[in-house]
Amino acid sequence: MPDVVTFRAPAATDAADLWRLARDSGALDLNSPYAYLLWCTDFAATSVVAGTDAVTADGDAGARGRDADGIVGFVGGYRPPTDPTSAFVWQVAVADAQRGRGLGRRLLSAFLARPGNRDARWLTATVTPDNAASLALFQGLADDLGVGCRQSERFAAEVFPVEAGVHQPELELRIGPLPPR
Ligand SMILES: CC(C)(COP(=O)(O)OP(=O)(O)OC[C@H]1O[C@@H](n2cnc3c(N)ncnc32)[C@H](O)[C@@H]1OP(=O)(O)O)[C@@H](O)C(=O)NCCC(=O)NCCS
Numbered sequence: 047m048p049d050v051v052t053f054r055a056p057a058a059t060d061a062a063d064l065w066r067l068a069r070d071s072g073a074l075d076l077n078s079p080y081a082y083l084l085w086c087t088d089f090a091a092t093s094v095v096a097g098t099d100a101v102t103a104d105g106d107a108g109a110r111g112r113d114a115d116g117i118v119g120f121v122g123g124y125r126p127p128t129d130p131t132s133a134f135v136w137q138v139a140v141a142d143a144q145r146g147r148g149l150g151r152r153l154l155s156a157f158l159a160r161p162g163n164r165d166a167r168w169l170t171a172t173v174t175p176d177n178a179a180s181l182a183l184f185q186g187l188a189d190d191l192g193v194g195c196r197q198s199e200r201f202a203a204e205v206f207p208v209e210a211g212v213h214q215p216e217l218e219l220r221i222g223p224l225p226p227r
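Using this note's numbering, the letters of the sequence shown map in sequence onto residues 47 to 227.
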């Protein structure tokens with residue numbers, strides 16, 4: 047039976063799951079648990095979580111592609127004070143077992159439909175040049191919407207602390223202008 051995925055606003059009780067998803071993502075910088083709490087509360091209107099009630103053929107709920115509380119993906123975002131016509135994707139992640147099925151794409155659509163993002167004219171994000179899945183995700187959104195996806199360097203590698211190890215530069219993707227929603 048296919049998983050039924052629902053999209054909703056995050057709450058403080060989701061923050062630990064988001065921290066775990068980020069930790070296990072294999073690609074994201076892991077922020078502090080407190081940062082995810084702020085995200086799930088102060089930035090709830092511009093963020094979204096995906097939950098699923100995975101059910102196997104024998105009716106055993108929760109066996110497949112599901113973390114402890116059923117959160118299988120999230121987008122944490124905000125409206126940058128310096129660029130308020132944009133909705134910025136701070137982090138996006140999909141649980142490993144759920145990847146490659148279009149969930150990332152659906153999460154971005156749900157993100158753009160959030161009350162705090164509905165009037166945004168642009169979606170912005172930063173991506174490291176080696177993250178093929180993320181680049182494909184954002185380019186696919188731009189293609190589906192029939193709008194551009196401009197790339198520029200946002201943060202050079204040198205601005206990251208050397209003590210934290212080698213960090214790739216962060217490219218900014220600017221998708222839009224977005225159609226009215
Ligand atoms: C990036 C991520 C969220 C994508 O989620 P997903 O649910 O697998 O994505 P989708 O299934 O919706 O696929 C979206 C597009 O990306 C492509 N894609 C997905 N995984 C890919 C991969 N590993 N390599 C190349 N392309 C990939 C899909 O083919 C699809 O392209 P299409 O629109 O042309 O068909 C997921 O891989 C992830 O959580 N990665 C770890 C965290 C991360 O890197 N976040 C982004 C940081 S900016």
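Using N, Cα and C, we set each Cβ at its ideal position, and we do this for glycine too.
- [ ] Classify A133 as helix, strand or coil using the three-state DSSP reduction.
- [x] Strand, per DSSP.
Task: Coil, strand or helix - V208 by DSSP - done: Reduced to three states, the DSSP call for V208 is helix.
Task: Cβ neighbours of L224 in the same chain (closer than 6 Å, five flanking residues each side left out) - done: Hits under 6 Å: R167.
Task: Euclidean distance between Cα positions of L149 and R125 - done: The straight-line gap separating the alpha-carbon atoms of L149 and R125 is approximately 23 Å.
Task: A96 beta carbon near ligand 1 (any heavy atom closer than 7 Å) - done: No; taking the cut-off as 7 Å, the Cβ of A96 has no heavy atom of ligand 1 nearer than that.
- [ ] Pick out whichever of L153, G72, D75, W85 has its Cα sitting closest to the Cα of D60.
- [x] For D60, the nearest C-alpha among the options comes from W85.
Open item on the list: Does the distance between the C-beta of V50 and the nearest non-hydrogen atom of ligand 1 fall short of 7 Å?
Closed with: V50 Cβ: outside cutoff for every heavy atom of ligand 1.
Open item on the list: Is any non-hydrogen atom of ligand 1 found closer than 7 Å to the C-beta of N177, if you look at the structure I gave you?
Closed with: The answer is yes for N177.
Task: Residue environment, Y82, which counts as buried when at least 16 other CB atoms sit within 10 Å - done: By the 16-neighbour rule on beta-carbons within 10 angstroms, Y82 is buried.
- [ ] Could you check the C-alpha separation between G108 and R200 for me, to the nearest Å?
- [x] Only weak support exists for where G108 lies, its pLDDT of 42 falling under 50; the coordinates are left without a value.
Task: V140 Cβ short of 7 Å to ligand 1 heavy atom set - done: Yes, the Cβ of V140 comes within 7 Å of a heavy atom of ligand 1.
Task: A55 versus A90 - alpha carbon distance - done: Rounded to whole angstroms, the separation of the alpha carbons of A90 and A55 is 6 Å.
- [ ] In angstroms with no decimal places, state the Cα-to-Cα distance between S93 and V121.
- [x] S93 and V121 have their C-alpha atoms some 6 Å from each other.
TODO: With A157 as the anchor, note down where its alpha helix (DSSP H) starts and where it stops.
DONE: Note on identity: in this sequence residue 157 is Phe, with Ala being the wrong assignment. Counting along the chain, the alpha helix (DSSP H) containing F157 begins and ends at 149–159.
- [ ] Provide the residue span of the alpha helix (DSSP H) that contains Q214, from first to last.
- [x] For Q214, there is no enclosing alpha helix (DSSP H), as DSSP marks it with neither H nor E.
Task: Per DSSP, cross-strand counterpart(s) of V50 - done: Under the DSSP definition of a beta bridge, V50 lacks any partner.
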